[in-house]
Structure formats: C-alpha cells, structure tokens
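Remarks on the structure that follows.
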Amino acid sequence: MTPEEERDAALNELARLRAGVAAGLTPDQSARIQGTTSDELEADAATLAAELGAANTAPTHRSGGNQGPDVATATGVAAGAALYRDRHGVPEDGQRPAPTNGRAPFTENTWNMESR
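With this note's numbering, the residue at position 34 of the sequence shown is 37, and numbering never jumps.
This is how it looks when you write it as structure tokens:
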C-alpha cells in the first residue's frame with residue numbers, strides 16, 4: 004500500500020467511526036457501516052442503529068463501578084457531620100460523655116499494689 008492509500012483508508016475508518024458514534028453505535032458496530040460520502044455513512048449508521056435498537060445507547064464506561072450506598076446521598080458539611088455523629092455515637096449537641104476507662108466514674112481505689 005502506498006502512503007496515500009493508507010491515509011485514505013485511515014480517513015475512511017475515522018469517518019465510519021464518527022458516523023457510528025453519532026448514531027449511538029459502538030466502535031465494533033461502526034466498522035460495519037458502508038458508504039463513500041459522509042451523508043451515505045450517516046444514513047447507513049442511522050439505519051444500522053435503528054435495526055439494532057441502539058438509539059444513542061452507547062455504553063458508558065465507568066471506572067470502579069458502583070461506589071456504595073452513600074455515593075448518592077446528601078452532600079455538604081451538615082450531612083457529613085450528621086453521618087459522623089451517627090457512626091460514632093455522638094449526640095446531636097456534639098458533646099461526648101467523659102471517658103470512664105472501663106470503670107464507674109465515682110469509684111475510689113481502696114487498695115494499692117505493692118511492687119518489689
């Protein structure tokens with residue numbers, strides 16, 4: 004193939020791809036489009052899309068997929084503060100109870116351990 008033929012083939016492939024994507028086809032489906040002018044390519048792409056039922060339903064590529072239930076929930080500082088309070092057991096006023104270190108808060112030690 005001469006360089007001119009390679010260039011023409013690449014431009015023809017690009018035109019098919021553009022017409023197919025505009026009609027809602029995938030790149031693999033766009034390779035089946037036939038025609039020499041842009042009008043012929045667009046008409047064939049529209050016909051192929053109608054036959055396949057692919058009216059602008061090209062797949063959306065999402066990296067990572069669904070990120071969990073709180074991706075689409077309320078946003079903002081207030082929503083984040085409420086979520087933190089719910090997850091960490093903090094009351095609405097934001098005051099946490101004093102830590103008890105696993106014992107009753109008003110007990111006294113009546114004994115001491117002697118070490119040698």
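C-beta: ideal position from N, C-alpha, C; glycine also. Keep in mind the model is a prediction, meaning the values are calculated, not measured.
* Asked: From THR40, GLY23 and GLU43, pick the residue whose C-alpha is nearest to that of ALA34; which is it?
  -> Here residue 34 is taken as the residue at index 31 of the sequence shown, counted from 1. Residue GLY23 is the option with its Cα nearest to ALA34.
* **Nearest-angstrom Cα separation, counted from ILE36 out to ALA13** => For the purposes of this step, residue 13 is taken as the residue at position 10 of the sequence shown. For the purposes of this step, residue 36 is taken as the residue at position 33 of the sequence shown. Looking at the two C-alpha atoms, the distance is approximately 14 Å.
* **Cα-Cα separation, GLN32 to MET4** => Position 29 of the sequence shown, counted from the start, is the residue given in the question as residue 32. Position 1 of the sequence shown, counted from the start, is the residue given in the question as residue 4. Going by the C-alpha atoms only, they are around 26 Å apart.
* **7 Å CB neighbourhood of ARG99 in its chain, flanking five on each side removed** => As a first step, residue 99 is located in the sequence shown; it is residue number 96 there, counting from the start. Same-chain partners within the cutoff: VAL93.
* Between the C-alpha atoms of ALA49 and SER41, what's the straight-line distance to the nearest angstrom? -> Locating residue 49 in the sequence shown gives position 46, counting from the first residue. Locating residue 41 in the sequence shown gives position 38, counting from the first residue. Straight-line Cα distance between these residues: approximately 12 Å.
* Between the C-alpha atoms of LEU55 and ASN15, what's the straight-line distance to the nearest angstrom? -> Start at 1 with the first residue of the sequence shown, and residue 55 comes out as number 52. Start at 1 with the first residue of the sequence shown, and residue 15 comes out as number 12. A direct Cα-Cα distance of roughly 23 Å separates LEU55 from ASN15.
* Asked: With 16 as the cutoff for other CB atoms within 10 Å, does GLY27 come out buried or exposed?
  -> Translated into positions along the sequence shown, residue 27 becomes position 24. Under this definition GLY27 is a buried residue.
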